Every structure is written in C-alpha cells, then in structure tokens.
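Read through the structure below, which is laid out as structure tokens, and then see the notes.
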Amino acid sequence: MSTRHDGHGHGEAPGEFQIATKVSEFEILELAVRELAIEKGLFSAEDHRKFAEWADGIGPHGGSKLVAKAWVDPEFKQRLLADGTKACLEVGIDWLQPTGSGTPSDYTFFYVLENTPKLHNVIVCTLCSCYPRPVLGMSPDWYRTPNYRRRMVRRPREVLAEFGLHLPEDVELRVHDSNQKSRFMVMPMRPEGTEGWSEKQLAEIVTRDTMIGVALPAPNRKSDTKTETLVSGGRRR
Amino acid sequence: MSAAPTTYDVLMDTLSDIGERTDAGMGCLEHEPAVWESRMQATCEALSSHGVLDNLERRLAEDRLGESVYARFPVQTRSTLVVTHLLMDQKVFTEEELRKRIEVVRDRFAEE
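These protein sequences, in sequence, are chains A and B.
Counted the way my numbering counts, the first sequence spans residues 1 to 237.
Counted the way my numbering counts, the second sequence spans residues 1 to 112.
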C-alpha cells in the first residue's frame, strides 16, 4: 500500500498539504451513489466504513509475507499447503474479516498452489473475476477483462508469453479456475541468488504477478511491470 | 431475444471525463487504484451483504453491460457504472435524483 500517513515527504514540510488535484467525475459519482444508497436505507454508513477500512488494509503484501515465510520455514509451508485459510492466521490474515463471516465474496476455501521445477500454476476466474483478495488485495484491471479470463484457459502459454513469461515445453502448466467458494494463490519457487536473505527481503520480490502466476520472482525484481500496455496478440506499445 | 439494455445519459456523460478506452485487448494499462474505486468496492460489498445486489449478479452484469453499453469505458470504471445502472433499473433512485445529488456533491467539493 502506498498510503502515506505522516503528511510529509516529496518536499512537503510537516503540516503542509498537497494542492488538491481536480476532482474526477467518478469520485463525485461514487459519493453520490453511496449517499443515495444510505439515504434509501440499503445499508448504513457504518456498514460502508467497515468494508472500506477492510479494503484499505488488504494488498499483495499479505501474500508476499505468506510465501516468504513458507520459503524459510518448511513446517509453515506444509501447514500453508494443507490449510491455507488457517495458516493465514499466523501472519495476521483472517478470512472471516470484516464481518465475522468474511465479505459476501471472500469467505471461501483458500488453496495455495506450489510451483515446482516441472509444474507451473496460474490462476484465473472464467465466470467472473474471483480473486483471493484477503491475501492479494484488489485484482488488477487485466485480471478482470474477459480477454484474460477467456484466453488463459484456452491458450495459457500464449497469454503468459504476452506477460513476458516463456515456460519450457517440459514444464506442465496448470490453470486453476476460481469459483464462488474456492480461491487460489500461487506459491512461486524461491529463486537462486537469494540464499541467506531474510523473510523481509524475500517478501519484497514476491510480487502480485508472481502469486497470480504470470511472472516469476527474481532477486532484482521488486515490482510488477506497470509501464507497458499489452494488447491482444502479444504486441507491446 | 432479450431487450436492449437501458442507457442512462447521466452515466454516459462521464466518458468525457475519464477518456475512452481504445484498447479492447487484455492489457488496459495498469493503474494505481484511486480511492473512489476502493470506496465503490465497499459499496458493492455492503449492497451484496444486505441482499440488494449480489456480487456475482453484479459481476455478470459488468461483463454484459461492459461489453455493450459501457464498452468504451476503462475497466476500472465498470463497477461504478454498472452498480449505478442496476440501482436505477431497480428504481432505487431515478436518473433525475442522481443528477441532483451529483450537483450537491460537486458543490460541496467546490467549497472545500
């Protein structure tokens, strides 16, 4: 998460505020709809606050922590693979939050899929865009597109190649289709060159895309590619 | 054959603000989610938890309307557009009510 709480940085002095940028029409629309919904009694402001705070707290850092811990602690790894939901509690992720029974779409069975030298996993949701939000946060835009969802199950190697991931032919590729009650996350292999690293160091290279399965971790890779636009057919621009 | 979906001018008008999405392919450019996107997800969860608009029903509508009425809009706007669209379809509020509320919110932002 990039939320800054201290109010300074980037040249700001303490106590100064950044000049507000133009308010977008969608910011206005979102608030207008929320206010009308509350006025009409569809839900309360407190209901909304509860879900908003939960949404603000989740992100791929949760999954990164899980994977890094599993890389250095074989017993934790076994527990994570055996019962992902339960093992999450050990790193402070509770799938029952924020309501005590999860969100309407997140209280499910959570499975961690281990990559090996001969097996690569990748996740998708062909029906809608189910995603393991408690451990990965909000899904990226491309994950929700029909293009990714439809093509990943039909031509996974081609789609992975568009992400820059070229798997050898002798590596089996398994595409896991999420559904209303099952969520998946990929546990990538720990890369060479990370011997002796701390959990914190390791967590930094376990990016969101490596846990979706469209990228592999590397010692010098701490963020997912955000600057290129992938277009259908694999061309980059 | 099902009837063509309703279109709401109050929603179509927002295209000029967000800008048309010209790439129909997989990779709409990644972006850092804005606060309003996160808040709208909270609205979706609140609506679903109260049985007003089930999340799966909404997501299917996002596909259906996202590939027709809102095909020119970026993916990150679809939840907001479709939730609003469905609530107006359900007569929870009218287009006119929404327009008025938008102006109230806009004025409030202008004062801040």
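Where is the CB? At the ideal position from N, CA and C, for every residue including glycine.
Since this is a predicted model, take the numbers as computed values, not measurements.
Residue state for A:E199 is assigned as helix, using DSSP reduced to three classes.
Across the set A:T210, A:F43, A:A218 and A:K86, the C-alpha of A:T210 shows the shortest separation from the C-alpha of A:P188. Selection A:S198, A:F26, A:F163 and A:P134 evaluated against A:C88 yields A:P134 as nearest (Cα-Cα). Taking a Cβ-Cβ cut-off of 8 Å, the neighbours of A:T99 in chain B comprise S49, given in sequence order. When C-alpha distances from A:R183 are compared across A:E162, A:W197 and A:T108, the shortest belongs to A:T108.
A contact is defined here as three or more CB-CB pairs under 8 Å, and the segment 108 to 119 of chain A meets this definition with respect to the segment 159 to 178 of chain A. Of all residues in the segment 29 to 60 of chain A, the ones placed with a Cβ closer than 7 Å to any Cβ belonging to chain B are L29, E30, L31, A32, V33, R34, E35, L36, A37, K40, L42, F43, D47, H48, F51, A52, A55 and D56, in chain order. Using a Cβ distance threshold of 9 Å, A:G137 and A:R208 count as a contacting pair. Residues of the segment 70 to 82 of chain B with a Cβ closer than 7 Å to any Cβ of chain A, in chain order: V75, Q76, T77 and T80. Residues of the segment 131 to 146 of chain A that bring their beta carbon within less than 8 Å of a beta carbon in chain B comprise M138, P140, D141, W142, R144, T145 and P146, in sequence order.
Boundaries of the beta strand (DSSP E) harbouring A:S182: S182 to M187, taken from the DSSP string. Under the DSSP assignment, B:L86 falls outside any beta strand (DSSP E), being part of the alpha helix (DSSP H) whose first and last residues are R78 to D89. Only P33, A34, V35, W36, E37, S38, R39, M40, Q41, A42, T43, E45, A46, L47, S48, S49, H50, V52, D54, N55 and L56 from the segment 33 to 57 of chain B bring a Cβ to less than 8 Å from some Cβ of chain A.
Assignment of beta-bridge partners to A:Y111 by DSSP yields A:F184. Taking the Cα positions, A:G84 is about 29 Å away from A:N147. Within the segment 79 to 164 of chain A, the runs of alpha helix (DSSP H) at least 4 residues long that lie entirely inside it are, in chain order, 84 to 88, 133 to 136, 141 to 144, 146 to 154 and 156 to 162. By the neighbour-count criterion, in which 16 or more other beta carbons inside 10 Å mark a residue as buried, A:S223 falls on the exposed side.
Chain-ordered listing is empty here: chain B has no CB closer than 9 Å to the CB of A:P188, the nearest sitting near 20 Å.
When Cβ pairs closer than 8 Å are counted between the two stretches, the segment 93 to 107 of chain A is seen to touch the segment 35 to 55 of chain B, the count reaching three or more. Residue-level contact check: A:T103 touches chain B, since one or more beta carbons of chain B fall below 9 Å from its beta carbon.
Around the beta carbon of A:Q78, a 10 Å sphere encloses fewer than 16 other beta carbons of the protein chains shown; the residue is thus reported as exposed. Setting aside the 5 residues that flank it on each side, A:P60 is surrounded in the same chain by L136, G137 and R208, each with a C-beta closer than 6 Å to its C-beta; the list follows chain order.
Against chain B, the CB of A:E27 has a partner CB under 9 Å away; the residue lies at that interface. Assignment of A:E172 by DSSP, reduced to helix, strand and coil, places it in the strand class. Collapsing the DSSP output to three states places A:D177 in a strand. Close to A:V175, with beta-carbon spacing below 9 Å, lies no residue of chain B; the smallest spacing is near 15 Å. Chain order gives the chain B residues near A:V23 as F109, where near means a beta carbon separation below 7 Å. Nearest to A:Q180 by alpha-carbon distance, out of B:S68, B:L81 and B:R59, is B:R59. Put simply, the backbone Cα of B:P5 is about 54 Å away from that of A:D73. Counting C-beta atoms within 10 angstroms of its own C-beta, A:K65 has 16 or more neighbours from the protein chains shown and is therefore classed as buried. For A:D224, the closest Cβ of chain B is nearer than 9 Å. Within chain A, L29, A32, V33 and L36 have C-beta atoms less than 9 Å from the C-beta of B:L98, given in sequence order. Spanning the alpha carbons of B:V35 and B:V10 requires a straight line of approximately 21 Å.
Judged by DSSP in its simplified three-state form, A:H61 adopts helix.
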